[in-house]
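Residue numbers (my numbering): 185 to 474.
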């Protein structure tokens, strides 16, 4: 199936859910409204990077569960298809990285304009999940987002067995913000999940759909006071073995394309002290500890 056919199928599946009064509230931004609670409490984003096609599979899987009444919406939810043009071209982006384009003023190109379209929905959502895939192999799915206590709590509630990668050093780029960073700056709670290596994958689709289902339950329970956020020291201690962060960001003098990463690594590969990680013509980087 060609990408344009996949997008058409997604739209058809969304608008078939008439019980939720589906509406396209902006280009490729869809809202399903629940009579139980009309407030939009959760926003979900897919295909932020066009060649991370697992987002399509996750959304398709979740819509199937809705259409077969395996899941019901306890409140209204917004779905964003991030970069359809890049998806059609099977590229990460066309002009600039959409996930480095938020919080700017520019409208100089396709991704800049797309970010301006999406920002109002990110600005006003209390909870947000962005679904991504890794370029190379990954031994496990993982959450990744700028540190916030609510973000860590949310990710841990979604799946206690999925590692959390977080950081304190600011954004990944000077060009603009990632989606989760922008949501957090706007006082929402935004997190990203990397479900595995990019590609259509049934297992990843099920993981992603299950996370959405769990998010619906968590947020609904918060609304009904059946669940409370707890940040006590014991909670954080229990998380210690499952949280990973960056002690140091190395910014070499050479251009990135002059560096070579040792072959054979995947996300969450273990390393040994002094093991060579990458090198250039003038220097190398080795692991400081196991």
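All C-beta atoms in this analysis are idealised placements derived from N, C-alpha and C, irrespective of residue type, glycine included.
What you are looking at is a predicted structure, and each value in this text was computed from that prediction instead of being measured.
Query                                                                                                                             : Result
For residue 361 and residue 493, the rounded distance between their alpha carbons                                                 : Residue numbering for the chain in the displayed model covers 185 to 474; residue 493 lies beyond these limits and cannot be assessed.
Chain-order list of residues whose beta-carbon lies under 7 Å from that of residue 307 (same chain, five-residue window excluded) : 370
Of the listed residues 259, 251, 243 and 210, nearest to residue 408 (C-alpha basis)                                              : 259
Element boundaries [alpha helix (DSSP H), containing residue 220]                                                                 : Here residue 220 belongs to no alpha helix (DSSP H), and DSSP marks it neither H nor E.
Cβ neighbour criterion (16 or more within 10 Å) applied to residue 448                                                            : exposed
Residue 314 vs residue 373 beta-carbon contact at 7 Å                                                                             : no
Three-state class that DSSP yields for residue 230 in the structure shown                                                         : strand
Check whether residue 304 and residue 225 have beta carbons under 7 Å apart                                                       : no
Beta carbon of residue 387 nearer than 7 Å to that of residue 317                                                                 : no
Limits of the unbroken alpha helix (DSSP H) element including residue 333                                                         : 333-342
Alpha carbon of residue 137 to alpha carbon of residue 204, nearest angstrom                                                      : Since the displayed the chain opens at 185 and closes at 474, residue 137 lies outside it and no answer follows.
Local conformation of residue 451 per DSSP, three classes                                                                         : strand
Chain-order list of residues whose beta-carbon lies under 8 Å from that of residue 312 (same chain, five-residue window excluded) : 226, 227, 228, 229, 306, 363, 364, 367, 372, 373, 374 and 375
Start-end ranges of the beta strand (DSSP E) lying completely within the region 209-289, minimum 3 residues                       : 213-216, 224-230 and 260-265
Outcome for residue 240 when other beta-carbon atoms lying within 10 angstroms are tallied against a minimum of 16                : buried
6 Å Cβ shell around residue 296 - same chain, five flanking residues per side excluded                                            : 285 and 290
Distance, residue 392 Cα to residue 242 Cα                                                                                        : 5 Å
Beta-carbon proximity check, residue 278 vs residue 216, cutoff 7 Å                                                               : no
Three-state secondary structure (DSSP) of residue 322                                                                             : strand
C-beta atoms of residue 464 and residue 323 nearer than 7 Å                                                                       : no
Strand pairing of residue 328, partner residues [DSSP]                                                                            : 349 and 376
Coil, strand or helix - residue 199 by DSSP                                                                                       : helix
Beta-carbon separation (whole angstroms), residue 234 vs residue 271, contact threshold 8 Å                                       : 4 Å
Where the alpha helix (DSSP H) through residue 468 begins and ends                                                                : Counting along the chain, residue 468 falls outside any alpha helix (DSSP H), though it belongs to the beta strand (DSSP E) covering 468-470.
Three-way DSSP call (helix, strand, coil) for residue 364 in this model                                                           : helix
Residue 395: first and last residue of the uninterrupted alpha helix (DSSP H) it sits in                                          : 386-407
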